[in-house]
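Since the structure comes first, as structure tokens, the remarks are kept for the end.
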Amino acid sequence: MKKILLLMMMLLLVSCGSSNTANETPPEPEVVEEVFLAKVNEEIISVETFDKYYAMQSYDFEKEFGESVWDIEQDGKTMREIRQDQTLDYLIRVVLIENYLAGKGEFATEDVINSAYDRYMASIENDSEIKTYFEEKGLDEAFLKRFIEDQYYLRLYEDQLLDEISDDPKTQDMLFTDKVIRYKVRHILLDSQESLTEVESLLNDEENPADFSDMARLYSIHPTSAVKGGDLGYMLVGTMPSAFEEMVLNIEPYTVSESVQTEYGFHLIFVDDKQMLQDMIESGMPEDEIDTYKAAIIERYAALEIVNRFEKMKSVATIEVNKELLDER
Numbered sequence: 000m001k002k003i004l005l006l007m008m009m010l011l012l013v014s015c016g017s018s019n020t021a022n023e024t025p026p027e028p029e030v031v032e033e034v035f036l037a038k039v040n041e042e043i044i045s046v047e048t049f050d051k052y053y054a055m056q057s058y059d060f061e062k063e064f065g066e067s068v069w070d071i072e073q074d075g076k077t078m079r080e081i082r083q084d085q086t087l088d089y090l091i092r093v094v095l096i097e098n099y100l101a102g103k104g105e106f107a108t109e110d111v112i113n114s115a116y117d118r119y120m121a122s123i124e125n126d127s128e129i130k131t132y133f134e135e136k137g138l139d140e141a142f143l144k145r146f147i148e149d150q151y152y153l154r155l156y157e158d159q160l161l162d163e164i165s166d167d168p169k170t171q172d173m174l175f176t177d178k179v180i181r182y183k184v185r186h187i188l189l190d191s192q193e194s195l196t197e198v199e200s201l202l203n204d205e206e207n208p209a210d211f212s213d214m215a216r217l218y219s220i221h222p223t224s225a226v227k228g229g230d231l232g233y234m235l236v237g238t239m240p241s242a243f244e245e246m247v248l249n250i251e252p253y254t255v256s257e258s259v260q261t262e263y264g265f266h267l268i269f270v271d272d273k274q275m276l277q278d279m280i281e282s283g284m285p286e287d288e289i290d291t292y293k294a295a296i297i298e299r300y301a302a303l304e305i306v307n308r309f310e311k312m313k314s315v316a317t318i319e320v321n322k323e324l325l326d327e328r
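As structure tokens, this is what we get:
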């Protein structure tokens, strides 16, 4: 009997305690902030995701140049910092473009991804080195399929943009009407101001001006064109450094340019020919060759347009980057 009374008292105490607790204000739950490397329109890019993509995109580079390559500096940043920025930019691009395509109802099917994964694994079947690297970095099947899916969406976006440009009369007019498509030039490449001054004085001699091709053979340091009198042949617009090309497009044929400095040295340029699309047609160039030139121009423009559109996407997106955490990588 005493045991029963004791049990009843214990139950009563528990009941009273529960009643009192119910009337009290419960403590606020502790808020745990989620750690993220970046956030794009509320979509999280985790540290783990970043590290895996960084590893995936660094394998070939490190294999070719060695581990010490990451400490080399360029424009005030180490190669490691540059690759980190590139990786984060890539991940932000993936999120924005995948969301854009999802809004259009476009999704990669499981069969497409699995098929691409199987082909990729078959291509590295006998490469034990890369397999070991994947294992060390945690690049498992789930990650590789995700990476392949990203590539699918990026390629789909690029293909759609290329089709849009190819089918747009206004863009075609802008790219090809009254625009130089290719040019034929000779140049003399020099590695010092002293050499440049000497060659210019010989070319501009009023009584006996030197022949441009002869000067190229004697003075140019360009390894392949010098022996051909500086002849570079026909170049597609957009192939050469911008300063070089700007000079070509702004001087008359059969004249020697003023000097142009690029990362390779000092150039003196002689333009032999400049051709627009109509010139190429009238010269009797085969249609398939003309189409090849046009396709190259369109692809180059599309590559620039992709960057421009991505920047526009970023400008209207809400993007947060945990810079402190990124610097710790």
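Numbering that gives the first Met the number 0 numbers the first residue of the sequence shown as 0 and each following residue consecutively. Virtual Cβ for every residue (Gly too), placed ideally from N, Cα, C.
The continuous beta strand (DSSP E) containing residue 185 extends over residues 179 to 189. In this structure, residue 301 lies near residue 161, with their beta-carbon atoms less than 8 angstroms apart. Residues 179 and 182 of the same chain have their beta carbon placed closer than 6 angstroms to that of residue 273, with the five preceding and five following residues left out of the count. Here residue 229 is buried. Its C-beta has 16 or more other C-beta atoms within 10 Å. Secondary-structure assignment with DSSP links residue 39 through a beta bridge to 42 and 318. For residue 287, the three-state secondary structure derived from DSSP is helix. Sequence-distant Cβ neighbours of residue 256 in its own chain, meaning closer than 7 angstroms and more than five residues away, are 246, 250, 267 and 268. The beta carbon of residue 235 sits closer than 6 angstroms to the beta carbons of 181 and 295 from its chain, once the five residues preceding and following it are set aside; these are given in chain order. Residue 252 is not a Cβ neighbour of residue 226, given a cutoff of 8 angstroms. Per DSSP, the unbroken alpha helix (DSSP H) holding residue 147 starts and ends at 140 to 166. For residue 132, the uninterrupted alpha helix (DSSP H) segment begins and ends at 127 to 136. Just measuring C-alpha positions, the residue of 328, 298 and 311 sitting nearest residue 163 is 298. Among the bridge pairs identified by DSSP, residue 270 is matched with 184.
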